[in-house]
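Residue numbers (the numbering used here), protein chains in the order written: chain A, 6 to 113; chain B, 3 to 116.
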């Protein structure tokens, strides 16, 4: 069945550092790919999405490119802020199949 | 506009009991999905309902059941609770039930089974 593998955390970065969270997937066909974010005490929010190969999703300075050849959808941000501290989930398809999540802590 | 709402926020039950969780979708959304999120893991799909019919089911035992009402709200029922059912139960709503539709999540119900 479909599955998502993302790098395990926790990840701790200093403010303004670069972020990459790796995500690879296994799926039949051409899945839609998503990154969700869960801030402390809040529900899941869609951060960005890509629905076909080579699409780049972007939002709030975060980007991820749908790479069919490597079955990957890595999340990147050039300069993280303390407010980016959260748990990030890579997911595919509908209904959603999630990775285990990566906790990011950004320190000032 | 109100987002997805869930009740109750927290719940404590003992093994063997039954529980009912409730979800109200965003106005105009006709599809509701349920997910279980065990601590430290990603959410796992339990059910999807669209137009009051079950449209998908994840790998969960028959102790889990759900239904959707004419106003598109939904209930998730779990019978014969086990310690392993302790989790955050998330409800998500979307406009329609097929293909890609952005799912909007509620804050969840935290269930603790003692």
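No residue lacks a Cβ here, since even glycine has one placed at the ideal position from N, Cα and C.
Asked	Found
Which same chain residues end up closer than 8 angstroms to residue 35 of chain A when comparing Cβ atoms and leaving out the 5 residues on each side of it in sequence?	57, 58 and 73
At least one CB of chain A closer than 8 angstroms to the CB of residue 1 of chain B: is that the case?	As displayed, chain B neither begins before 3 nor continues past 116, which places residue 1 of chain B out of reach and without an answer.
Would you grab the beta carbon distance between residue 47 of chain B and residue 60 of chain B for me? Rounded to a whole angstrom, and I think it's under 8 angstroms.	4 angstroms
Assign residue 91 of chain B to one of two classes, buried (16 or more other C-beta atoms within 10 Å of its C-beta) or exposed (fewer than that).	buried
Does residue 38 of chain B have its Cβ less than 8 angstroms from a Cβ in chain A?	no
Closer than 8 angstroms, CB to CB, is residue 2 of chain B near chain A or not?	One cannot answer for residue 2 of chain B here, as it falls past the ends of chain B, which runs 3 to 116.
Using the Cβ count rule (16 or more neighbours within 10 Å means buried), how would you classify residue 35 of chain B?	buried
Between the beta-carbon of residue 94 of chain B and the beta-carbon of residue 106 of chain B, is there less than 8 angstroms?	yes
Residue 49 of chain A CB to nearest chain B CB: under 8 angstroms?	yes
Going along the stretch 38-53 of chain B in order, which residues come within less than 7 angstroms of chain A, judged by CB to CB distance?	43, 44, 45, 47 and 50
Exposed or buried, residue 80 of chain B, counting other C-beta atoms within 10 Å across all chains shown (16 or more means buried)?	buried
Can you tell me which of B:76, B:115, B:37 and B:43 puts its alpha carbon nearest to the alpha carbon of residue 52 of chain B?	B:76
Tell whether a beta-carbon distance below 8 angstroms holds between residue 13 of chain B and residue 6 of chain B.	no
In this structure, how does DSSP classify residue 85 of chain B when only helix, strand and coil are distinguished?	helix
How is residue 87 of chain A classed by DSSP in three states: helix, strand or coil?	helix
Pull up the DSSP beta-bridge partners for residue 14 of chain B, would you.	B:114
With distances taken between CB atoms, is the gap from residue 43 of chain A to residue 94 of chain A smaller than 8 angstroms?	yes
Taking Cβ positions only, does residue 70 of chain A come closer than 8 angstroms to chain B?	no
List in chain order: all unbroken alpha helix (DSSP H) runs of 4+ residues lying wholly within the stretch 42-76 of chain B.	none
How long is the line joining the alpha carbons of residue 65 of chain A and residue 17 of chain B, rounded to whole angstroms?	43 angstroms
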